[in-house]
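Taken in order, the sequence shown gives residues 1 to 341; the numbers are from full-length UniProt numbering.
The beta carbon of each residue, even a glycine, is placed where N, CA and C say it ideally should be.
Keep in mind it's a predicted model, so treat the numbers as computed, not measured.
Here's the structure, in structure tokens; my notes come after.
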Amino acid sequence: MSKILVTGGTGYIGSHTVVELQNSGYEVVIVDNLDNSSIKILDQITQITGIKPDFQELDLCDEPKTLEFIKNNPDITGVIHFAAHKAVGESVQLPLKYYRNNFFSLINLLTAFAGREVNFVFSSSCTVYGQPDVLPVTEEAPVKKAESPYGNTKQIAEEVLFETANANKNYRVISLRYFNPVGAHESALIGELPIGVPQNLVPFITQSAIGKRGPITVFGNDYNTPDGSCVRDYIHVVDLAKAHIAALRRQEAGKMPAKFEIFNIGTGKGSSVLEVINAFEKSTGVKLEYKIGPRREGDIEKVWGDVSKAEKELGWKAKLGVEDMMRSAWAWEEYINKNLF
Ligand code: NAD
Ligand code: WQD
């Protein structure tokens with residue numbers, strides 16, 4: 001049985017991926033410094049799968065400890081690297097916090113595997129495309145100048161990974177460019193846990209619906225889109241988690257024609273902010289209060305992915321739609337509310 005290291009495994013996407021890994025028969029070890037997640041997630045995962053994942057509290061920016069941890073775990077064959085800071089706005093205020101955490105952790109991990117075989121899956125983002133000229137956007141589209149230090153860390157990390165994979169015959173790297181991950185596990189035992197006022201649409205919707213926040217502001221209805229609000233490719237976090245398994249399987253099967261590959265991970269379908277609000281109301285029966293406000297600075301007008309490469313090469317395709325995403329996000333919000341998570 002392969003042992004997979006999941007960095008950031010107590011976080012939002014990491015925890016869902018741990019569940020899918022365990023359900024697929026992988027042994028998992030999580031490394032997280034709990035900067036943006038709770039240790040309680042380990043028990044939640046155990047409730048879902050019946051298996052408590054190994055956990056090591058570790059800051060991957062600590063080079064000696066990271067090298068030691070990897071050395072002491074010679075049976076790790078794959079790494080899924082989620083650990084990073086991810087708040088776009090904060091990265092503009094505190095760029096060094098983002099460059100330090102997102103680069104040091106990546107470089108320490110890659111260094112730690114020197115001389116060893118490793119399958120490496122990296123969490124990238126559609127943010128690297130900025131506003132694409134052609135939609136749906138393919139993996140071949142030019143990477144635009146990053147709009148934030150956070151986005152820049154993803155662009156540069158992909159270059160670091162490309163160069164490192166080409167220089168090390170034992171490294172196989174897949175970078176997954178996620179579109180907008182939302183929703184929660186069907187058990188409602190794990191989901192997104194935003195700290196403070198959510199900046200992202202779906203957690204704001206669920207917190208507003210449960211009464212933790214006031215009405216939602218739709219950031220602009222004068223865009224060049226069918227209803228004037230911005231369009232995104234929302235992807236259910238469980239579908240996204242499964243894409244990581246497909247990537248690992250491809251690496252393990254020796255099917256990679258190159259040392260470094262990129263895949264878009266989305267549904268291939270765009271939804272506007274107003275459509276998401278409607279889908280929430282329709283799928284949950286809960287009425288939302290919203291108002292139209294000004295545009296949010298730095299927002300992309302519309303983006304959705306061409307996901308045919310992932311379908312063809314990874315044999316992976318998103319199965320869940322926006323209503324499934326909303327229903328599951330709402331069930332998780334209700335769970336958090338009842339359980340004072
Ligand atoms: P998250 O914050 O929920 O999870 C990240 C985890 O990494 C957290 O548990 C945090 O404590 C941990 N971490 C951060 N720095 C660390 C360090 N130095 N050492 C050890 N652990 C550390 O975020 P998420 O939404 O699950 O995102 C996971 C990855 O996916 C990130 O790389 C993010 O940039 C990327 N991504 C996220 C989105 C999104 O919208 N959520 C979209 C595209 C890409
Ligand atoms: C979605 C849409 C908003 C809140 C961000 C990062 C991106 C990626 C995913 C990591 C937009 C609108 C939002 C609200 C609104 N993360 N909105 N009212 O901006 O597409 O992407 O998360 O890689 O890098 O930038 O996601 O959820 O913030 O916004 O109208 O209260 O909802 O304008 O059109 P975004 P989001």
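Between the C-alpha atoms of residue i and residue j, what's the straight-line distance to the nearest angstrom?
i, j, result
"H185", "M326", "11 Å"
"I245", "L176", "12 Å"
"P294", "Y223", "11 Å"
"E27", "Q56", "14 Å"
"T138", "N264", "7 Å"
"A247", "N339", "35 Å"
"E159", "G211", "43 Å"
"A112", "K40", "28 Å"
"K319", "I235", "9 Å"
"P203", "A84", "19 Å"
"A331", "V31", "28 Å"
"K145", "G183", "29 Å"
"F69", "S308", "38 Å"
"I300", "G151", "13 Å"
"V134", "G305", "10 Å"
"S187", "L42", "15 Å"
"L110", "G9", "18 Å"
So is the beta-carbon of residue i under 7 Å away from any non-hydrogen atom of the ligand GTP?
i, result
"T46", "This structure does not include the ligand GTP; its bound ligands are the ligand NAD and the ligand WQD."
So, for residue i: in the same chain, excluding its five sequence neighbours on each side, which residues have a beta-carbon less than 6 Å away from its beta-carbon?
i, result
"L189", "Q44, Q47 and I48"
"V231", "T225, G270, S272 and K302"
"N33", "D59"
"V173", "F120, L161, A165 and F260"
"P149", "S91, P95 and Y98"
"R213", "Q207"
"N108", "L60, E63 and T66"
Rank the options by C-alpha distance to the C-alpha of residue i and give the top, closest one.
i, options, result
"A157", "Y99, E27 and Y26", "Y99"
"L243", "G151, T267, L96 and N168", "It should be pointed out that residue 243 corresponds to Ala in this sequence rather than to Leu. For the residues G151, T267, L96 and N168, the minimum Cα distance to A243 belongs to T267."
"D75", "K3, Q199, L274 and V173", "K3"
"E20", "E297, I80 and Y234", "I80"
"P257", "G196, I336, G298 and Y171", "Y171"
"E313", "R249, G151, V322 and D299", "R249"
"R296", "N221, E323 and G321", "N221"
"E334", "D233, V197 and L193", "L193"
"S125", "L135, A114, V88 and Q251", "V88"
"T153", "V128, K169 and R116", "V128"
"G191", "I336, L5 and G8", "I336"
"S37", "S15, G25 and T77", "S15"
"R116", "S105, N101, N72 and P198", "N72"
Just verifying my parser: in three-state terms, what is the DSSP assignment at residue i?
i, result
"V237", "helix"
"F260", "strand"
"Y12", "helix"
"G25", "coil"
"V197", "coil"
"residue 342", "Here the chain comprises residues numbered 1 to 341, so residue 342 is not present and cannot be evaluated."
"G89", "helix"
"E57", "strand"
"S125", "strand"
"F204", "helix"
"D324", "helix"
"V143", "coil"
CB-CB under 7 Å to residue i, same chain, minus the five flanking residues each way: which ones, in chain order?
i, result
"L288", "I205, S208, A209, I216, I277, F280 and E281"
"W316", "K242, A243, A246 and A310"
"P132", "A141 and V303"
For residue i, which residues in the same chain have their Cβ closer than 8 Å to its Cβ, ignoring the five residues on either side in sequence?
i, result
"I13", "F82, S123, Y178, P181, V237, L240 and A241"
"Q22", "V28, I45, T49, I51 and P53"
"V218", "S229, V273, L274, I277, Y290, K291, I292 and G293"
"D227", "N221, S272, L274 and E275"
"A114", "N168"
Which first and last residues belong to the beta strand (DSSP E) in which residue i is found?
i, result
"K3", "K3 to T7"
"Y290", "Y290 to G293"
"V218", "I216 to F219"
What span of residues does the alpha helix (DSSP H) with residue i cover, start to end?
i, result
"Y171", "Unbroken run through Y171 is the beta strand (DSSP E), Y171 to Y178; no alpha helix (DSSP H)."
"I41", "I41 to T49"
"T77", "First-last for T77: I76 to H81, but that is the beta strand (DSSP E), not the alpha helix (DSSP H)."
"S187", "Neither: S187 is in no alpha helix (DSSP H) and is coded neither H nor E."
"V307", "Run containing V307: none; DSSP gives neither H nor E here."
"F280", "V273 to T284"
"A84", "Note, A84: premise wrong, no alpha helix (DSSP H); not H, not E."
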